[in-house]
Amino acid sequence: MDRQLRKRLEARFGERLTGPVRQRHDQTEIRIAPSDVPEVMRELHDDPTLDFQLLADLAGVDTGTHMQVVYHLWSATTPDWLRVIADGMPRDDPRVPSLTGLWPGAEWMEREAYDMFGIIFEGNRDLRRIYMPPDYTSFPLRKDFYLADDAARSPGGGVRHMEQTHVPTQATDRVVRRTVKA
Amino acid sequence: MTAQHTPTHQHPSADDPRILLDDSIGQFEAIPPYPPRTEREAEFYTLGDGEMFINMGPQHPSTHGVLRVVLKINGEQVVDLDPVLGYLHRGVEKLCENADYHHINSQVDPLEYISSLFCEWSPVMAFEHLLDVEVPRRAEYIRVLTGELNRVLSHALFMGWMALDLGGLTPILWSFIERDEIAEMLASITGQRLLFNYFRIGGVNGDINHEFMSRLGDWMTRASAQHEANTQLLNENEIFVRRMRDLGRLDRETALRMAVTGPNLRATGTPYDVRRAHPYSVYPELEFDVPTRGHNGGDCLDRYLLRVDEVKQSLRIIDQCLHNMPDGPVMAKLPRLLRPRPGRAFAAVEGPRGMYATYAISDGTDQPFRMRIHDPSFIALQLVPLLMKDNLVADTMAVMASLDPIMGGVDK
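Residue numbers (this note's numbering), protein chains in the order written: chain U, 1 to 182; chain E, 1001 to 1412.
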């Protein structure tokens, strides 16, 4: 845990952080609004005291109530991974500015997040499906997409002795209702 | 081939009653049968003067899996290319979100089937972060030892495959000798030759045994000599060296911007190795160098030579592991049913192809709420269109082989 990094981030981004800076193990986590992504990332990358040169990962997350895009960054200036969460995108129309201007390598990762979650990355010039066929219409990693043979939620749910149902703690009413019904 | 796409029912044999044409199956058209959806697709699927499309794959024997590449060529020159992924996609992230923490090991194993210990390592590490488990030191040493053996195995195959993609048959036979010895060695402790399924949350499945040690000792006595002999086959081969030199150049800045990691990044002169840049396991206690290359400007030869250097470092690490291996348990004491408290964890390891990383979210149940797997091959494959500009069609395979992608991991 790099306490110094926390102070630097708080001083630098101040009111742009939508939540407290969280730290656990070797990770530091900040939350920002989706519209702030390009600006904050640019500063993280360009500022020589932060110098986050490497985009380690880009992931979409469906929390059940809203969508997130989670970026992991690496810098030689800190022993921590920096996790930037672009939080609070509505599930029916998740939009976030693309990072391809800063890291062109984000292009395929954004395509993957689009393919799996339907998150629109504005500015990505090649935002088409990458794994699923082009005529596919669903977003498989969303929480309301159930597996056909998911024993936990099937009527014969007793197959799984560990847990009768898997209820996401942050799920929407719709998700929970469907889960319990099944 | 023309720019307009020809509907499949206009096939010349369509009116021949003896020939059954199933339109629903369709033919393999290079041009997608729908209007372009993105700027890039429109740009790619518009032909300029003298250009044409050809399809490479998806059953091309040397694409390291099932990959389809649409090449836009002008004569012998590649103007642009569009990799089409998804032929091996099995939705492993979804499977992991519907499996409990112990099952995930076997789900992630076949991702990069050549280096499956690394595919297990990063999820297992992420879950250990979630659970706040401390792994016994002996288990960590065994992980490093087997991991480095797996790296040598993977790089041995890389050399063989690379030569095979360029048309040389001998190196693959040699590297399979090397690969087989290590596979047998690992099979004696893991029980498997390919998908080891050996790491567990909190340790490893079993302690090292006599058979493993005797095989390892036997192999270590001649490993470096054999490695030298294997590499001499290619390093001093003029055809190979001339073909690889100056091909597919990648500079440092572009590599970082393209989010490339692993040997492909180090071959541009950037000493980024997760084992040193963000130390995990017992790597801080071990002595090894992070080799870099790049005096030729990060070309295919650099990427090849870098992996040769890495094998030497791996042998050093294996040697130290054997000497420093502490006694003790190989598993932490953990309940059968794991329910990490809600939280998020990220863990990355340095695999033979770059950084394998896992981002896991726990919601307090016995299954991860979200599990993201970051695969280095996926990122490396993204480089191919960039590196292939204005090269010859025949060099596509050479460039791709030098990046060493494994489609199992790319397609997840």
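Note that beta-carbon positions come from the ideal geometry of N, C-alpha and C, so glycine has one too.
Coarse secondary structure for Ser1402(E), derived from DSSP in three states: As a working note, residue 1402(E) is residue 402 in the second sequence. Judged by DSSP in its simplified three-state form, Ser1402(E) adopts helix.
Report yes if the C-beta distance between Val1399(E) and Val1384(E) is below 8 Å; otherwise report no. Within the second sequence, numbered from 1, the residue matching residue 1399(E) stands at position 399. Within the second sequence, numbered from 1, the residue matching residue 1384(E) stands at position 384. Result yes, Cβ atoms of Val1399(E) and Val1384(E) sit closer than 8 Å.
With 8 Å as the limit, tell me which residues of the stretch 1209-1239 of chain E have their beta carbon closer than that to any beta carbon of chain U; keep them in chain order. none
Grab me the residues of Leu1111(E)'s own chain with a C-beta within less than 6 Å of its C-beta, minus the 5 sequence neighbours each way, in chain order. Residue 1111(E) sits at position 111 when you count from the first residue of the second sequence. Closer than 6 Å at the Cβ level, and outside the excluded window around Leu1111(E), lie Cys1119, Gly1408 and Gly1409.
Would you decide whether Gly14(U) is buried or exposed? Buried here means 16 or more other CB atoms lie within 10 Å of its CB. Taking the first sequence and counting its residues from 1, the one referred to as residue 14(U) is at position 14. Its Cβ having fewer than 16 others within 10 Å, Gly14(U) is exposed.
Any idea if Gly158(U) is buried or exposed, counting beta-carbon neighbours within 10 angstroms, 16 or more meaning buried? Residue mapping note: residue 158(U) aligns to position 158 of the first sequence, counting from 1. Residue placement at Gly158(U) cannot be trusted, given a pLDDT of 41 that sits under 50; the coordinates are not used to answer.
Figure out for me which residue from Gly118(U), Phe145(U), Tyr136(U) and Thr100(U) has the closest Cα to the Cα of Asn124(U). Reading the first sequence from its first residue, position 124 is the one you call residue 124(U). Nearest option by C-alpha distance: Thr100(U).
For Asn1098(E), would you say it is in contact with chain U, using Cβ-to-Cβ distances shorter than 8 Å as the test? Here residue 1098(E) is taken as the residue at index 98 of the second sequence, counted from 1. So yes, Asn1098(E) belongs to the interface.
Coil, strand or helix - His1210(E) by DSSP: Along the second sequence, read from residue 1 onward, the residue named residue 1210(E) stands at position 210. In this structure, His1210(E) counts as helix in the three-state DSSP scheme.
As a quick exercise: from Cys1300(E), Leu1387(E) and Pro1335(E), pick the residue whose alpha carbon is nearest that of Phe1158(E). To locate residue 1158(E), count along the second sequence from 1; it is residue 158. The shortest C-alpha separation from Phe1158(E) is found at Cys1300(E).
Residue range of the unbroken beta strand (DSSP E) whose run includes Tyr1356(E): Counting from 1 along the second sequence, the entry for residue 1356(E) is found at position 356. It spans Gly1354 to Ser1362 - the beta strand (DSSP E) in which Tyr1356(E) sits, taken as one unbroken run.
Please report the straight-line C-alpha distance between His1009(E) and Arg1040(E), rounded to a whole angstrom. Reading the second sequence from its first residue, position 9 is the one you call residue 1009(E). Reading the second sequence from its first residue, position 40 is the one you call residue 1040(E). Note on His1009(E): pLDDT 46, under 50, position unreliable in the model; the coordinate value appears next. Looking at the two C-alpha atoms, the distance is approximately 29 Å.
Give me, in chain order, the residues of the same chain whose beta-carbon lies closer than 6 Å to that of Thr118(U); leave out the 5 immediate sequence neighbours on both sides. Within the first sequence, residue 118(U) is the residue found at index 118, counting from 1. A small correction: the amino acid at residue 118(U) is Gly; Thr does not occupy that position in the sequence shown. Same-chain partners within the cutoff: Phe139.
Within chain E, the residues that Met67(U) reaches when beta carbons sit closer than 7 Å: Mapped onto the first sequence, residue 67(U) falls at position 67. Going along chain E, no residue has its Cβ under 7 Å from Met67(U), so there is no contact; the nearest lies around 11 Å.
Runs of 3 residues minimum, wholly inside the stretch 39-117 of chain U: which ones carry the beta strand (DSSP E) assignment? 52-62, 66-75, 81-90 and 95-97
Could you tell me how far apart the beta carbons of Pro1329(E) and Arg1138(E) are, in whole angstroms, since I believe they sit closer than 8 Å? Here residue 1329(E) refers to the residue found at position 329 when the second sequence is read from its first residue. Here residue 1138(E) refers to the residue found at position 138 when the second sequence is read from its first residue. 7 Å between Cβ atoms; contact.
Within a Cβ cutoff of 6 Å, which residues of the same chain sit near Arg1372(E), ignoring the five residues on either side of it in sequence? Here residue 1372(E) refers to the residue found at position 372 when the second sequence is read from its first residue. Cβ-Cβ distances below 6 Å link Arg1372(E) to Tyr1359 in the same chain, with the five nearest sequence neighbours on each side left out; the list follows chain order.
How should Glu1128(E) be labelled, buried or exposed, when 16 other C-beta atoms within 10 angstroms of its C-beta is the threshold for buried? Position 128 of the second sequence, counted from the first residue, corresponds to residue 1128(E). Classification of Glu1128(E): buried, given that the 10 Å Cβ count is 16 or more.
Extent of the continuous beta strand (DSSP E) run through Asn1296(E): The residue you call residue 1296(E) lines up with position 296 of the second sequence. Premise fails: Asn1296(E) is in no beta strand (DSSP E) and is neither H nor E.
Taking DSSP as the reference, what is the three-state secondary structure of Arg125(U)? As a working mapping, residue 125(U) is identified with position 125 in the first sequence. The answer is coil: DSSP assigns Arg125(U) none of H, G, I, E or B.
Measuring CB atoms only, is the stretch 1282-1295 of chain E touching the stretch 1132-1146 of chain E, in the sense that at least three cross pairs come out at less than 8 Å? yes
Do Ala1345(E) and Ala1099(E) have their C-beta atoms closer together than 8 Å? As a working note, residue 1345(E) is residue 345 in the second sequence. As a working note, residue 1099(E) is residue 99 in the second sequence. Going by C-beta atoms, Ala1345(E) is not nearer than 8 Å to Ala1099(E).
Presumed contact (8 Å Cβ cut-off) between Asn1105(E) and Phe1240(E), rounded CB distance: Within the second sequence, residue 1105(E) is the residue found at index 105, counting from 1. Within the second sequence, residue 1240(E) is the residue found at index 240, counting from 1. Their Cβ separation, rounded to whole angstroms, is 38 Å, which puts Asn1105(E) and Phe1240(E) out of contact at 8 Å.
Strand pairing of Ile30(U), partner residues [DSSP]: Taking the first sequence and counting its residues from 1, one reaches residue 30(U) at position 30. Note: Ile30(U) sits in a beta bridge opposite Val84(U).
Within 7 Å: the Cβ of Ala1345(E) and any heavy atom of the ligand FAD? You won't find the ligand FAD in this model; it holds no ligand whatsoever.
Ile1073(E) - partner residues in DSSP beta bridges: Within the second sequence, numbered from 1, the residue matching residue 1073(E) stands at position 73. Bridge partners of Ile1073(E): Met1052(E) and Val1078(E).
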